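Working notes for the structure below.
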Amino acid sequence: MGDTDDSGEMFEDLVALLLAIAAIWSIGKFGRLFGLPPMCGELIGGVILGPQLADFIPKTDALRLLGEIGLALLMVEAGLTINTRQLATIAPRGLVAALTGSVIPVCIAFFVARVCYQYDTNPALATALSLSATSAGMSLNILKSAKVLETTTGQVIIAAAVIDNVIALVLLAELDALHLSDPTAADYIIPIASSLAFVFILGTLLVVSWPSKVDTWLLYWVEPAWHGRVLLGLLAIETVALMCATHYASDMEHRAVR
Numbered sequence: 001m002g003d004t005d006d007s008g009e010m011f012e013d014l015v016a017l018l019l020a021i022a023a024i025w026s027i028g029k030f031g032r033l034f035g036l037p038p039m040c041g042e043l044i045g046g047v048i049l050g051p052q053l054a055d056f057i058p059k060t061d062a063l064r065l066l067g068e069i070g071l072a073l074l075m076v077e078a079g080l081t082i083n084t085r086q087l088a089t090i091a092p093r094g095l096v097a098a099l100t101g102s103v104i105p106v107c108i109a110f111f112v113a114r115v116c117y118q119y120d121t122n123p124a125l126a127t128a129l130s131l132s133a134t135s136a137g138m139s140l141n142i143l144k145s146a147k148v149l150e151t152t153t154g155q156v157i158i159a160a161a162v163i164d165n166v167i168a169l170v171l172l173a174e175l176d177a178l179h180l181s182d183p184t185a186a187d188y189i190i191p192i193a194s195s196l197a198f199v200f201i202l203g204t205l206l207v208v209s210w211p212s213k214v215d216t217w218l219l220y221w222v223e224p225a226w227h228g229r230v231l232l233g234l235l236a237i238e239t240v241a242l243m244c245a246t247h248y249a250s251d252m253e254h255r256a257v258r
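Residue 3 in the UniProt record's numbering is what sits at position 3 of the sequence shown, and the numbering runs on without skipping anything.
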């Protein structure tokens with residue numbers, strides 16, 4: 001009897017999930033009638049059917065995990081779309097765009113939170129910093145749908161979104177340090193130093209030196225027909241390794257500042 005109840009509940013969840021996916025997909029397509037990217041309509045559909053409003057979608061924890069995996073893959077795709085040959089040219093413009101896209105929303109939100117809503121400094125900063133990040137995944141999807149991803153403008157936008165995310169994470173780490181009872185200089189310096197080390201030192205090594213090493217040490221010994229499979233496997237290993245490195249570095253950083 002228990003097995004029957006479980007299978008019935010699983011069937012209902014499956015039907016509800018399929019209906020939700022179909023509805024969200026349809027809302028995304030409907031948004032195109034108004035000139036909106038499908039992702040905008042899909043976001044609206046997810047909010048309507050999700051736990052915030054209708055609470056129609058089942059197993060939201062499992063879907064959230066799948067969403068995290070999808071977000072990680074989108075970030076990998078964003079990195080793959082950046083033309084490293086143009087990086088020296090687009091990086092300054094991307095940095096200016098990222099700083100502008102971070103500083104202006106943060107200042108406006110902080111002013112509104114402090115003046116209009118009378119928030120204390122730390123809650124006002126937390127509210128402001130929530131607007132500092134730019135979704136590289138959303139930018140990538142919209143630029144692809146508009147067929148401008150490979151243009152210089154598209155490359156600048158993707159570079160700015162990636163830099164913007166790094167800036168937002170550093171600012172959130174600084175905000176975390178502000179909540180300490182007796183913060184020291186190291187509490188503020190360590191998050192910035194570790195972020196710069198990962199981005200500039202490790203990032204430069206991987207972009208400049210690693211591709212030639214892969215050609216010399218690995219692909220030279222592999223049949224050309226297998227190059228695509230080998231590179232895909234290597235990309236998966238690199239992604240997991242870098243995710244683990246940044247995660248455990250963040251844990252060590254939190255222990256160090258406390």
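We put the CB at the ideal spot given by N, CA and C, even for glycine.
In this text the structure is predicted, and so the values were computed from the model without any measurement.
| Asked | Found |
| --- | --- |
| Alanine 109 and alanine 128: beta carbons closer than 9 Å? | yes |
| Quick one: Cα of arginine 59 to Cα of aspartate 13, how far? | The question names arginine, yet the displayed sequence has lysine at residue 59. Taking the straight line from one Cα to the other gives about 8 Å. |
| What number of angstroms, rounded off, separates the C-alpha of glutamate 150 from the C-alpha of alanine 126? | 35 Å |
| My assumption, with CB atoms under 8 Å, is that threonine 134 sits in contact with alanine 160. Please give the rounded CB distance. | 7 Å |
| Please classify residue 312 as buried or exposed, where buried requires at least 16 other C-beta atoms within 10 Å of its C-beta. | With the chain represented from 1 up to 258, any question about residue 312 goes unanswered, as that position is not in the structure. |
| With DSSP as the reference, label leucine 14 as helix, strand or coil. | helix |
| Tell me which same chain residues have a C-beta within less than 7 Å of the C-beta of valine 148, skipping the five on either side of it? | Gly154 |
| Within this structure, are the beta carbons of isoleucine 57 and isoleucine 27 separated by less than 9 Å? | no |
| Beta-carbon within less than 7 Å of phenylalanine 30's beta-carbon, same chain only, minus the 5 sequence neighbours each way: which residues are those? | Gly41 |
| Starting from the Cα of asparagine 83, find the closest Cα among Trp217, Pro191, Val208, Leu73 and give me that residue. | Val208 |
| With respect to the alpha helix (DSSP H) encompassing leucine 74, which residues constitute its N-terminal and C-terminal limits? | 60-81 |
| Using C-beta distances below 7 Å, list every residue in its chain close to proline 38, excluding the 5 sequence neighbours before and after it, in chain order. | Gly28, Lys29, Gly31, Arg32, Ser145 |
| Which residue wins for smallest C-alpha separation from isoleucine 142, given the options Val214, Asp182, Gly35? | Gly35 |
| Measuring CA to CA, which of Ile104, Leu219, Leu53, Leu231 is closest to serine 132? | Ile104 |
| Taking the C-alpha atoms as reference points, what is the distance between glycine 67 and isoleucine 21? | 13 Å |
| Does the pairing of the segment 71-85 with the segment 234-253 give three or more beta-carbon distances under 8 Å? | yes |
| In angstroms with no decimal places, state the Cα-to-Cα distance between alanine 62 and valine 15. | 16 Å |
| Enumerate in chain order the residues of its own chain whose CB-to-CB distance from alanine 91 is below 7 Å, with the five nearest sequence positions on each side excluded. | Ala159 |
| Looking only at C-alpha atoms, which of Ile189, Gly203, Val222 sits nearest to alanine 173? | Ile189 |
| Can you check which of these residues, Ser212, Ile163, Leu219, is closest to phenylalanine 198 by C-alpha distance? | Ile163 |
| Residues in the same chain with beta-carbon distance under 7 Å from alanine 54, minus the five sequence neighbours each way, listed in chain order, please. | Ile48 |
| Rounded to whole angstroms, what's the CA-CA distance from residue 333 to leucine 232? Just pull it up for me. | What the structure shows of the chain is the stretch from 1 to 258, and residue 333 is not part of that stretch, so it cannot be assessed. |
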